[in-house]
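Residues in the sequence shown are numbered from 842 upward in steps of one, following our numbering.
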Amino acid sequence: MKLSFVSVALSLTTLTSASWTKNINYRSPSENHPGMGIALHKVNKRNTPGKAFYGSQLNFTHGVASGDPLSSSVILWTRVAPMMDDVNSNSTDSGYVPLYYHGPNVTAVSTAPACVNFKVARTSDFAVVESSGTAYTSSDIDYTVKVEASNLTAYTRYYYQFNVCNSNVSSPIGRTKTTPDVNDFVTKIGLAIYSCSNYPFGFFNAFGNPARKDSVDYVIHLGDYIYEYAGDGDYGYGASIDRIPKPYGVIYTLYDYRARYATYRTDKDLLLSHQMLPWIAVWDDHEVADNTYRDGEADLNNTEASFVFDGGVAVEQRKMNAVRAYFEWMPIRQVEMDDSESHWHVTQHSTCTFSSSA
842 MKLSFVSVAL SLTTLTSASW TKNINYRSPS ENHPGMGIAL HKVNKRNTPG
892 KAFYGSQLNF THGVASGDPL SSSVILWTRV APMMDDVNSN STDSGYVPLY
942 YHGPNVTAVS TAPACVNFKV ARTSDFAVVE SSGTAYTSSD IDYTVKVEAS
992 NLTAYTRYYY QFNVCNSNVS SPIGRTKTTP DVNDFVTKIG LAIYSCSNYP
1042 FGFFNAFGNP ARKDSVDYVI HLGDYIYEYA GDGDYGYGAS IDRIPKPYGV
1092 IYTLYDYRAR YATYRTDKDL LLSHQMLPWI AVWDDHEVAD NTYRDGEADL
1142 NNTEASFVFD GGVAVEQRKM NAVRAYFEWM PIRQVEMDDS ESHWHVTQHS
1192 TCTFSSSA
């Protein structure tokens, strides 16, 4: 009896470990900088899978998304959380408290993880599931979920969906598409190409149009997915159309960047584009700050005066906050990244030869 109990316990531990590992967002955004990842042994210690949220306690707050398609796999994304906003763990509710104070005026982060299953099929009724799996998420990564659906067929449309484990709480059904294989002969590929999407400037109608018309295969975003400026007036006036992004001020902290992405993902056309089309995205400068370079930005540099008067965050810390939030919220793979924040996808997309006729 004791041996059986130990065997079951070990099996559960192995399953739990695999489920944490399945969620790509615990990894570092950059393969060259593993220290930016989340230590899974610490996550597993803080979060007890046996005390996971029930389905009735969770919501798929920001739809679904897919991205970085290859000929045999694609990245799938969602967020399943007990609240719309992200978790500002260990933040003061009001007033001032001493450093390292853990009394009643501090909001403790939840230690309950969320468990989700995912499935992928060629039809929206999921009659034949071709890829599936289970993954955990937690407040450590803002309750985001990012998994790789593998063993897929090249240049094929797929449908996917997430479901809270042991419940009937499901995400919207998403649609995606793998890329052609290097030896495939394809006569036409439709691309929707975007950049510089600033929330207070206006509605993102252009994102929704190709998704509704089903007129393209893939979305390419060339950067400036968000802007870091203060909510209204710094760069765009959104008050008259009720489009003031959160948080209201200039964003510096990890909480700030997460909240800004959460606001952008409330736009219905952006949500629809992510749900219906696979994205291939890279960042520009405003995912961090205006004119970001190795040692600073337009409004922040590595001087004591800048630290004191411009947000109280060092340049390097702000960059790490921005890159971590981007990695959590975007359906992308890990990248190779150098010190200047230039980056390349680790896996090359399928090589295609294009021709045109006059």
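Where a beta carbon is used, it is the ideal one built from N, C-alpha and C, also for glycine. No experiment lies behind these values; they were computed from the predicted model shown.
Query	Result
May I ask you to verify whether the stretch 1024–1044 touches the stretch 968–981, counting CB pairs closer than 8 Å and requiring at least 3?	no
Closer than 7 Å by C-beta to S1056: which residues in its own chain qualify, once you throw out the five before and the five after it? Chain order, please.	G1031
DSSP state of L1141, grouped into three classes?	strand
Determine the DSSP secondary structure at S860, reduced to helix, strand or coil.	helix
Hey, out of Y1066, M924, H882 and T1017, whose CA is closest to P910's CA?	T1017
By a C-beta neighbour count over all protein chains shown, 10 Å radius and 16 as the cutoff for buried, is I1082 buried or exposed?	exposed
Short of 6 Å in beta carbon distance, which residues of its chain neighbour V1154, apart from the five on each side in sequence? Order them along the chain.	Y1093
Output yes or no for whether 8 Å exceeds the beta carbon distance between Y1059 and I1014.	no
Measure how close the beta-carbons of N1039 and Y1076 come, nearest whole angstrom, since I'm counting them as under 8 Å.	7 Å
Does the separation of the CB atoms of V823 and S1012 fall below 8 Å?	The question about residue 823 has no answer here: the residues shown for the chain are numbered 842 through 1199.
When the cut-off is 8 Å and only beta carbons count, does T902 lie next to chain D?	Of the protein chains in this structure there is only one, and it is not chain D.
For the candidate residues S980, V970, I1034 and A1047, whose alpha-carbon lies nearest to that of Y1000?	V970
Can you give me the Cβ contacts of T920 inside the same chain, cut-off strictly under 6 Å, excluding the 5 residues immediately before and after it?	According to the sequence provided, residue 920 is Arg. The question's Thr does not apply to it. These residues qualify, in order along the chain: T902, H903, Y984 and T985.
For G908 and M1117, which I take to be in contact (beta-carbon distance under 8 Å), what is that distance rounded to the nearest angstrom?	With 8 Å as the limit, G908 and M1117 do not qualify as a contact, their Cβ atoms being about 12 Å apart.
In terms of residues, what are the limits of the alpha helix (DSSP H) holding L1095?	L1095 to Y1105
Secondary structure at A1163, three-state DSSP: helix, strand or coil?	helix
Please report the straight-line C-alpha distance between Q1002 and N1009, rounded to a whole angstrom.	12 Å
Suppose you measure from the CA of N900 to the CA of D1108; what does that come to, to the nearest Å?	17 Å
Check whether the Cβ atoms of E872 and E1177 sit closer than 8 Å, and answer yes or no.	yes
Identify the residues that DSSP records as bridge partners of E1128: which are they?	According to DSSP, which records beta bridges pairwise, E1128 is partnered with nothing at all.
Which term fits E1157, buried or exposed, when burial requires 16 or more other beta carbons within 10 angstroms of its beta carbon?	exposed
Give the DSSP bridge partners of T978, in chain order.	A955
Applying the criterion that 16 or more other CB atoms from any shown protein chain within 10 Å of the CB defines a buried residue, is S1196 buried or exposed?	Residue placement at S1196 is poorly supported in this model, since its pLDDT is 43, which falls under 50; the coordinates still yield a value, given next. Looking at its Cβ environment, which holds fewer than 16 other Cβ atoms inside 10 Å, S1196 is exposed.
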